[in-house]
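Peer 1:
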Amino acid sequence: MNILPHKSWHVYSQKNRDKVRRDEAKAEDEQRQVQDRSIAADREHRLMLLRERAQKRQSNAIGGDSTEKEHSQTDRGSPVAEDTMALVRLQNPSEKTQHVNFWADLEKQDTKSKQGNPEREAEDKRKQEKWDRTIAMHLDSGVKGPKPWYTSLHAGSMQSSRRRGDDKEFTKVREDPLSNMKVMLDKRDKAHRERSKSPTSKSRSRLPGVSKRINSVGYRGLVPLFPGD
């Protein structure tokens, strides 16, 4: 009897699948609410800016018309006054002679409105990081463990300490009696091999009395005839 579908921790059971669907729907709903709040905040901010701008333009227009009417009523028919007014208009051109850009303030305040909403910035950053993890392959994402010695900043100091003999491990290996014994045995075997290949050793083995002892005792039990052997 297959008892796996009856386990509560079975990930493909109908109960767990329904729970996953509910969690995903809840997460989407929360994300949609966050987006709606950010959009509403941006809309209110822009609407407030437009209202303030419209009030300023209306007040400036009313003030400009009243000043022009006063000047026209007081200095009507005077050529000096007309020349003065023309010079003032040339030095301080009004908004009527300039190019009207209805979106200039919006373009200036666009970056400020984005910076003034930290919730939206955090949401956009989270989305971007999630998208990067989805499409990108990070080579060091699954690598967890000690780094090689040559990648650390202490690698150069380790090499210098080995040269000075401060590295304990290096000193321990160098002064190990077993390693020293092995080196000496290798040197002795090498010397024996070279000595056996040399012609002087062959001539010594042909001497009378030496060959009998070699056959009976062996090379290692042979008493050397020369003090240098």
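My numbering puts the first residue of the sequence shown at -8, with every later residue one more than the last. All residues carry an ideal CB built from backbone N, CA and C; glycine is no exception.
(1) On the premise that V25 lies in contact with E110, defined as a C-beta separation below 8 Å, what is that separation, rounded to the nearest angstrom?
(2) Span of the alpha helix (DSSP H) holding S4?
(3) What's the call for R117, buried or exposed, on a 16-neighbour Cβ count within 10 Å?
(4) Please state whether the Cβ-Cβ distance between D96 and L38 is less than 8 Å.
(5) Is K99 helix, strand or coil by DSSP?
(6) When DSSP labels each residue in this structure, what does I30 get in the three-state scheme?
Peer 2: Reading from the atomic positions:
(1) 7 Å
(2) Neither: S4 is in no alpha helix (DSSP H) and is coded neither H nor E.
(3) exposed
(4) In this structure, D96 keeps its C-beta atom at 8 Å or more from the C-beta atom of L38.
(5) helix
(6) helix
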